[in-house]
Amino acid sequence: AGTRLGRKGEIKAVYAHRRTGNLLDDFITDPTAAGKTTVTENGRTFGTFDNSFITNTDLSHREYQALELQGEYRVTDKWTVSGNYTHQFKNDGNFEGEAGNQPGNFSIIGNRPEFFDPARAYPDGHLNQFQAHRVRAFTTYDVGFGAAGRASLGLLYRYDSPQVFSFLANSVPLTAIQRARNPGYATTPTTQTLYFGERGTGRFNAEHLFDLALNYELPVWKTARPYFKVDWRNIFNAQPLIAFNTTISPDPTSALDALGLPTGFIKGANFGKGVQNGHYPVPREFRFAVGFRF
Numbered sequence: 488a489g490t491r492l493g494r495k496g497e498i499k500a501v502y503a504h505r506r507t508g509n510l511l512d513d514f515i516t517d518p519t520a521a522g523k524t525t526v527t528e529n530g531r532t533f534g535t536f537d538n539s540f541i542t543n544t545d546l547s548h549r550e551y552q553a554l555e556l557q558g559e560y561r562v563t564d565k566w567t568v569s570g571n572y573t574h575q576f577k578n579d580g581n582f583e584g585e586a587g588n589q590p591g592n593f594s595i596i597g598n599r600p601e602f603f604d605p606a607r608a609y610p611d612g613h614l615n616q617f618q619a620h621r622v623r624a625f626t627t628y629d630v631g632f633g634a635a636g637r638a639s640l641g642l643l644y645r646y647d648s649p650q651v652f653s654f655l656a657n658s659v660p661l662t663a664i665q666r667a668r669n670p671g672y673a674t675t676p677t678t679q680t681l682y683f684g685e686r687g688t689g690r691f692n693a694e695h696l697f698d699l700a701l702n703y704e705l706p707v708w709k710t711a712r713p714y715f716k717v718d719w720r721n722i723f724n725a726q727p728l729i730a731f732n733t734t735i736s737p738d739p740t741s742a743l744d745a746l747g748l749p750t751g752f753i754k755g756a757n758f759g760k761g762v763q764n765g766h767y768p769v770p771r772e773f774r775f776a777v778g779f780r781f
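Positions 488 to 781 (the working numbering) are the ones given, in order, by the sequence shown.
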């Protein structure tokens with residue numbers, strides 16, 4: 488939906504709602520002899536393995552709801568103000584569906600479910616891309632110098648509310664209670680990813696950044712004109728922790744759940760610290776470009 492603001496501008500609202508189900512996933516759920524295969528080749532037996540059945544399922548799911556506002560207004564013939572704002576109401580689920588260099592990886596949701604509690608192994612909650620608020624506001628001002636050319640000055644404000652992370656520990660050994668629940672699978676998992684609370688309950692920090700741009704061009708013959716461009720990004724050199732180390736480990740002294748798993752955790756030595764370049768915004772930088780347009 489949208490409307491004009493007289494002859495000088497417009498404003499538009501877009502609502503998006505996507506519910507994703509029937510996702511492709513793998514299942515290992517048959518502990519009987521029919522659910523196993525003994526692999527033999529050239530007279531050599533490599534062992535007996537559980538069959539993995541790949542099918543579509545609604546057990547893994549994702550849902551996205553957001554409202555986006557866009558607007559532009561020409562204050563004068565030379566001065567324009569524009570912006571957009573996105574509010575995510577929901578970007579939730581129990582399955583990320585992708586990882587680094589793994590655009591369609593499977594989950595553990597259907598793998599030997601007897602061993603796991605969904606609330607500890609694949610809880611619902613905010614997915615990694617959840618971000619409640621996102622703002623981009625920018626303004627441009629054009630100046631004409633007649634035969635001496637023209638210039639434009641632009642200012643951009645960027646706001647990103649905190650992104651989320653989950654309190655989880657990797658490579659946690661299965662407990663004796665979990666191992667005892669094996670109904671007859673050929674192989675059993677040895678470690679697991681263990682969640683403490685709902686998915687995406689942790690928060691990083693927000694960022695407020697300003698960028699400045701200057702463009703100048705000089706007509707020399709017909710449509711031919713040299714130009715000079717300067718971009719000044721993150722002009723105040725803001726360095727909030729937009730991400731940080733989130734390593735935790737189970738607290739063996741905490742209460743145990745029904746599977747014998749600790750319900751408390753201990754933060755790692757670097758928890759909450761920026762230990763990678765990507766944990767901060769790109770520092771202040773200048774970019775220059777010189778060229779020729781026709």
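Virtual Cβ for every residue (Gly too), placed ideally from N, Cα, C.
Check residue i in the structure and name its three-state DSSP category.
i: R623; result: strand
i: P605; result: helix
i: A673; result: coil
i: G496; result: strand
i: Q665; result: helix
i: A725; result: coil
i: G530; result: coil
i: G687; result: coil
i: H695; result: strand
i: A635; result: helix
i: G761; result: coil
i: G489; result: strand
i: A756; result: coil
i: G522; result: helix
i: H504; result: strand
i: H613; result: strand
From residue i to residue j, what distance separates their C-alpha atoms?
i: L640; j: T627; result: 6 Å
i: A673; j: T516; result: 11 Å
i: K760; j: G612; result: 24 Å
i: Q557; j: I595; result: 40 Å
i: R690; j: T573; result: 18 Å
i: K495; j: Y560; result: 6 Å
i: L748; j: S741; result: 9 Å
i: F697; j: G636; result: 27 Å
i: R514; j: A725; result: Sequence check: residue 514 is Phe here, not Arg. Distance between the alpha carbons of F514 and A725: 47 Å.
i: T535; j: A521; result: 12 Å
i: I753; j: L492; result: 55 Å
i: P768; j: L699; result: 16 Å
i: D512; j: A693; result: 34 Å
i: R686; j: S547; result: 14 Å
i: G633; j: N571; result: 33 Å
i: R666; j: G584; result: 27 Å
So residue i packs on residue j, CB below 8 Å; how close in whole Å?
i: Y551; j: N581; result: Wrong, their Cβ atoms sit about 14 Å apart, outside the cutoff.
i: T532; j: L510; result: No, T532 and L510 are not in contact; Cβ-Cβ is about 35 Å, not under 8 Å.
i: D744; j: D604; result: 7 Å
i: P518; j: G751; result: P518 to G751, Cβ: 32 Å. No contact.
Original post:
If we count Cβ pairs, one from each stretch, closer than 8 Å, do we get three or more for the region 608 to 624 versus the region 644 to 657?
Top reply: The region 644 to 657 and the region 608 to 624 touch, with three or more beta-carbon pairs separated by less than 8 Å.
**OP:** Give a yes or no on contact between the region 762 to 773 and the region 722 to 735, applying the rule of three or more CB pairs nearer than 8 Å.
**Re:** Yes: at least three Cβ pairs fall under 8 Å.
Original post:
Is the region 491 to 510 in contact with the region 643 to 650, if contact means three or more CB pairs nearer than 8 Å?
Top reply: Result no; under three Cβ-Cβ pairs closer than 8 Å.
Original post:
Can you find at least 3 beta carbon pairs, one from the region 697 to 704 and one from the region 745 to 759, that sit closer than 8 Å?
Top reply: With a cut-off of 8 Å, the region 745 to 759 and the region 697 to 704 do not count as touching, because too few Cβ pairs lie within range.
Original post:
Looking at C-beta atoms only, is the number of pairs between the region 622 to 636 and the region 667 to 686 that lie closer than 8 Å three or more?
Top reply: They do not touch, by the three-pair rule.
**OP:** Would you mind listing the beta strand (DSSP E) stretches within the region 563 to 602 that are 3+ residues and don't spill past its ends, in chain order?
**Re:** Taking only runs of at least 3 residues, the beta strand (DSSP E) segments lying wholly in the region 563 to 602 are 566 to 580.
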